[in-house]
Amino acid sequence: MSDTASANIVHQFAPSGTLRAAINFGNPVLAQRDGPGGKPGGVTIELAHELGRRLGVPVTLVGYDAAGQVFAAAATAAWDVAFLATDPKRATAIEFTAPYIVIEGAYMVPVASPLQTVADVDRPGVRIAVGTGSAYELYLTRTLRYAVLVHAPTGNDAIAQFQREGLEAAAGVRSPLQKFVQGQPGLRLLDGRFMAIEQAMGMPKGRGDNVDAARAAQFLREFVEDMKASGLVAAALARSGQRDAQVAPAANT
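In the working numbering, the protein residues as written are 3 to 255.
Have a look at this one:
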């Protein structure tokens with residue numbers, strides 16, 4: 003793709019003259035802070051700044067504690083581009099690219115739990131802690147038949163609620179859950195995944211002229227494919243210590 007964009011496309015992305023990138027610090031695979039108030043880093047930070055460079059505009063990072071908060075803020079025009087897992091509900095308001103990375107949704111349970119497989123979790127009497135509005139919460143809401151979801155504001159809050167209330171399971175992203183259980187001898191992760199979480203870039207739907215909006219969406223799709231093919235996504239994951247995340251395969255743009 004070209005490193006430059008037309009003025010109309012730039013305006014679609016950054017009508018204020020600054021690209022406001024929504025960053026979900028609640029998912030450490032995507033973004034991290036170097037301590038309280040520290041410098042942000044991670045694959046989404048690097049992608050946001052590279053997109054701003056190609057558009058020729060400055061970048062402002064708009065931080066959130068959970069993906070559900072990012073999605074809710076789309077209705078208030080609080081950001082111009084975001085990094086979220088694709089989901090049919092979110093796609094009603096956000097124009098998504100193909101994914102740039104794929105991560106796993108996993109279950110955490112007490113070490114003495116009778117639940118041994120992912121399939122075991124969906125049974126009567128099982129309560130699963132989830133972060134409200136997360137990709138895995140949206141997916142489990144659609145797919146569970148018997149287990150009950152117990153909602154918390156964020157993924158971290160869900161883990162705390164799981165422990166505090168003695169729930170049967172907690173759902174989340176495998177990598178941070180794995181790090182958490184390493185310091186908790188009373189907990190374990192179930193083998194396997196209950197979903198593949200496809201992380202993509204997106205921009206709000208319904209902004210401005212339909213033709214220019216379509217061109218901007220195509221520019222973003224091509225940008226994501228270029229970032230995967232160039233090795234930037236893989237390198238950014240390595241630099242931020244997220245080696246368990248997989249770069250998504252190339253997509254037709």
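All residues carry an ideal CB built from backbone N, CA and C; glycine is no exception.
Being a predicted model, the structure only gives us computed values, none of them experimental.
Taking all protein chains in view, the Cβ of Val249 is crowded by 16 or more other Cβ atoms within 10 Å, so the residue is classified as buried. Short of 7 Å from the beta carbon of Leu179, and not among the five residues preceding or following it, lie these beta carbons of its own chain, in chain order: Ala108, Met110, Leu191.
Thr99 is classed as buried because its beta carbon has at least 16 other beta carbons within 10 Å across all chains shown.
The C-alpha of Val175 is placed about 32 Å away from the C-alpha of Leu57.
In the DSSP assignment, Gly157 falls within the unbroken alpha helix (DSSP H) covering 157-167.
For the segment 82-144, the continuous beta strand (DSSP E) assignments of 3+ residues that do not extend past its boundaries occur at 83-87, 96-112, 129-133, in sequence order. Rounded to whole angstroms, Gln220 and Ala23 show a C-alpha spacing of 18 Å. When C-alpha distances from Leu169 are compared across Thr46, Pro116, Gly54, the shortest belongs to Pro116.
In the DSSP annotation of this structure, Leu146 is not part of any beta strand (DSSP E), being labelled neither H nor E.
Beta bridge pairing from DSSP links Leu191 with Met110.
The three-state reading of DSSP puts Glu170 in coil, since its state is none of H, G, I, E or B. Short of 7 Å from the beta carbon of Arg245, and not among the five residues preceding or following it, lie these beta carbons of its own chain, in chain order: Leu239. Bounds of the alpha helix (DSSP H) holding Asn212 are 212-232. In this structure, the CA atom of Leu21 is about 49 Å from the CA atom of Ala114. About 26 Å separates the beta carbons of Gly70 and Gly127, which is beyond the 8 Å limit, so they are not a contact pair. Taking a cut-off of 8 Å on C-beta distances, the segment 205-216 touches the segment 8-15, as three or more cross pairs fall below it.
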